[in-house]
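Numbering (full-length UniProt numbering), first residue to last: 1 to 829. Yeah, the Cβ is synthetic: ideal placement off N, Cα and C, and Gly gets one too. A short worksheet on the structure shown next.
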C-alpha cells in the first residue's frame, strides 16, 4: 500500500496477465479507478502510480474545489473500503425454521421465525451473536475510515467561538443551560449584580445510562422537578427537589410518563401508562406526601386513546388531553385546586369527542383559544370560545393555522406550514391584526422557544437549517424587530458553495405533486453520476424536516446530493396529505418515494448504482417496502430501528401501541381487505423467494410445500385494486442493506429486524446469503432503545459507520448513467 498526496493506492499482483499489477486509486470525490501498470519492473509501479495520479490531480482537482476536510491530512480516506474490495467476511447462515401457522379470516400466514419472540431462546442469542460478529468483522477493515469520518463530524459539531449561555429571565431569575462532556448542566442566577450561579442539575451526577426527559419549576420557582429515564425506557422517575437551602429534601415518584405543575406550588399532575405503553391515568401528587397517597384524577379506558397533561399559558388550568390518531377530547382542571380538602377537582369537557375532529386548548382573559381541524379541508385553524360556553357550536374562527400555538399577553403566535415550509404568524388580541414574521431562512425547521415570561410582547424561537447549527432568535411583536440571540456558523465550512432547492414530482396517481428538498453543491451537473441519499418518514403525520444533520456533511463534502422526499403520510401539505398516506391509502407513501427516485434518475441527478436511501422506525418500513417493490432502483439502504413486521404487530393487541395504531395502519384481524392490503406491502411478508434454476423440479415442489404460506406471497396474487405493485424480476440488482436495532427498544421490537434479515439470507441467498453478492449488515445493540444511544460519542460513531457503509457501496460501483422506465431499469455504459 502506498499513499500519493494523501490518496491511497493499492497494488494487486496479477500473475496470469502480462502486467505487473493493478493500481486502485481514489479521487477526492470518492471515485475509484483501476489503472493497469505494464511490466517489466513491478518495483517501479509505485513511482508510476505517483506520476499518473499526481498528473491527474493537477488536471482534475483545483485547490479551490477541494473541500475543507481534504485540505488536511487525508492519508486514510476510505482505506478500509478499498480493502473491502478484495476481502469481505462471510455472512452468517440463516437460523433454524419452526413454521407457525396463523389462520385468520380464511387466510393462512406462516412465520418460520416466530420462535424468536422467545427472547430467552439460546438459538436466538446465538444468532444475534453471529450477526453482531459479522457486523464487527465487516467494519473492522473500515476502522481508519470510521475514525476519519468521526473526526470530520466532530469538527462540524464545533462552533467558531464560545458564547455566553442563552438566558431566559422570569421572576427575578436568569435561567440557562451549559454543555459539558457529560451532558447538559441546568443553571440559574438572580437578576442582580454579582449574583452567584446556582446549579439546578448536572448531568455528570446522573446514574449511568440515564437521560433527562423534562425539567420544570413550580410557579414560585423554589421547587425544581425533572423526569429521569433509563436508556430505552418510556416510563421514568420524577424527582422533586426543594431549592430553598433550609429544605433540601428530595422526593421521587416512579412510573411517570409526563407531568406538569399546578399553580399552588404544591401539586404535580402526572400520567401513568398501561403495560402496552398507553398513558391512560392522570394522578395528582402533593409535595411532601408519599406516592401511595396520590389521588387518581382521571382514567381513560378506551384502548385507542393516549392521555397527556399540559397547562395553559396563563397557568389558570391544567389540561387533560385524550388523543387518538383521529380525534381529541380536552378536559380542563382548575390549576389551583386544593387536594387537602379531600374533594376531587371538577373536570370540564371543552367539547365532546367527534370522529375526525382534533383540537387543542389554551386560555387567555376568560376565553379559550382552540386549535382545531374541524373544517371540510381538515387543515387547522384557530377558534375562540367564551369560558362559560365552550362547546363547538360557540366557536368563532380567528385565523387559519397549522401545527401549534403559543398564547402571550397581547399576542398569540401561530407556528404553521405553507407548501411544506415553516411560517410564523402573530395575532393581536385587541386589534385582530395578523402579521407574518420574516424568517431568516426559507428552508428550515422552526420551534417555539422556552418563553417562560407571560407578560411580554417578545417571544423566542429556534431555527434549524441544513447548513448551520441551531439558531435562536427573539422577535418583538409590537415593534416587529428580529434579534439574533445565538447564531453559530459551522466551523471551517464554506456555506457559499452549497445551496438548498425545491422540486416537485408528479405522483403516480396524478392526484399530487410531491415536494422534494435537495441539498447539494452549487456547481451540480445533471450528468447522472451524482451519489445521492434519499430520506423520508411518511407516517403518523410527522413531517420529514429540513434541519441540521451532522451525518450529511461528510456526504455533501464528497459531492453527494441529499434528497428529502416529503411523501404522503407526513403532514407537510396539511392534514389531507397525512390522510392520503395512511390506512387504505398507505401505498401512496411507497409509490411517492419510488416516483421521486425515478425522477432523480430520469432528470440526470443520479443513477441506480449511486442512489441510496435511509429511514428510521416507520421510515424503515418505507425503506423495507420499497426495497421489495423496486430493488433495482437503489444501490444501498440504511434502516434504523425499522418497523419491518407490521402484520405480526397489528395482529397481536398485547404488543405495545398496537390498539392505539389501528387508526394508522388498520386492523388486519377484523377485515379481509385490510389483511390482504397490509400483507401486500409489509416488508417481512413481501420478501420474495428465489428458486435456483438448477434445482430439480421435485426439489422445487418440496420447497414450495415447505414454505407454503410463509408470508412471502407473490404480489401478483394480491388484488390489483389493493396493491398494484408488480413483482420485481429476480435478475434485478438488489440494494446492500445496513440495519440497526436495540434490545431495549419498547416501540419496535428488535426481533422484527432479526426475522427480516434471517428471511433475507434464506430466501434471497444469492444476494444476502453466505455467498451472496450484496452486503447485509445487522447490528443489534443490547443497550440501545428506540431513540438511540444516549451519549453524543456513541451517536457520532454510529453515524460514521452509516456513512462509511454508503460510501463503500457506492464507490465500488461503476456509476454508469441509467435510464429508468416505469417497470425496470436499463444500465447504459
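In the pairwise beta carbon analysis, the region 518-530 is classified as touching the region 603-617: at least three pairs are separated by under 8 Å. Linking residue 298 to residue 633 through their CA atoms gives a straight-line distance of about 51 Å. For residue 397 against residue 744, the beta-carbon gap comes to about 46 Å, at or over 8 Å, which does not count as contact. Per DSSP, reduced to three states, the secondary structure at residue 265 is coil, with no helix or strand assignment. DSSP links residue 638 through a beta bridge to 614, 738. If you look at residue 173, you'll find it in the beta strand (DSSP E) that goes 173-180.
The beta-carbon separation of residue 448 and residue 415, rounded to 6 Å, stays under the 8 Å limit for a contact. Closest by C-alpha distance to residue 469, out of 637, 389, 552, is 552. Contact between the region 323-333 and the region 288-307 is established, with three or more Cβ pairs separated by less than 8 Å.
As the crow flies, the alpha-carbon of residue 281 is around 27 Å from that of residue 364. For residue 186, the uninterrupted beta strand (DSSP E) run begins and ends at 183-190, by DSSP.
Under the criterion of beta carbons closer than 8 Å, residue 639 and residue 620 qualify as touching, at roughly 4 Å. If one requires a minimum length of 3 residues, the beta strand (DSSP E) runs lying completely within the region 545-609 are 561-565, in chain order. Checking the DSSP bridge columns, you'll see residue 210 partnered with 230.
Annotated three-state conformation of residue 770 is coil, per DSSP.
Its chain contains 97, 98, 99, 710 as the residues whose beta carbon lies nearer than 7 Å to that of residue 112, once the 5 sequence neighbours on both sides are disregarded; these appear in chain order. Scanning 537, 105, 651 for the CA closest to the CA of residue 673 turns up 105. Residue 534 and residue 480 have their alpha carbons spaced roughly 38 Å apart.
A residue is called buried when at least 16 other Cβ atoms come within 10 angstroms of its Cβ; residue 362 meets this threshold and is buried.
Membership of residue 665 in the alpha helix (DSSP H) is indicated by the continuous run 662-665. In the DSSP secondary-structure assignment, residue 809 is not bridged to any residue.
Going by C-alpha positions, residue 320 is about 24 Å away from residue 571. Residue 808 and residue 90 have their C-alpha atoms some 17 Å from each other.
By the 16-neighbour rule on beta-carbons within 10 angstroms, residue 171 is exposed. Nearest to residue 146 by alpha-carbon distance, out of 804, 811, 812, is 804. Per DSSP, residue 476 is one residue of the beta strand (DSSP E) stretching across 468-476.
Per DSSP, reduced to three states, the secondary structure at residue 497 is helical.
Assignment of alpha helix (DSSP H) within the region 295-326, counting only whole runs of 4 or more residues, yields no such run. Per DSSP, reduced to three states, the secondary structure at residue 271 is strand. Nearest in C-alpha terms to residue 258, of all of 264, 275, 237, is 237. Of the candidates 378, 577, 747, 413, the residue whose Cα lies closest to the Cα of residue 432 is 413.
With contact defined as three or more Cβ pairs closer than 8 Å, the region 640-649 and the region 739-759 are in contact.
In this structure residue 578 is buried. Its beta-carbon is surrounded by 16 or more other beta-carbon atoms within 10 angstroms. Cα atoms of residue 497 and residue 267: separation of roughly 54 Å, rounded to the nearest angstrom.
Going by beta carbons, residue 490 and residue 467 fall inside the 8 Å limit. Under the three-state reduction of DSSP output, residue 458 falls in the strand class.
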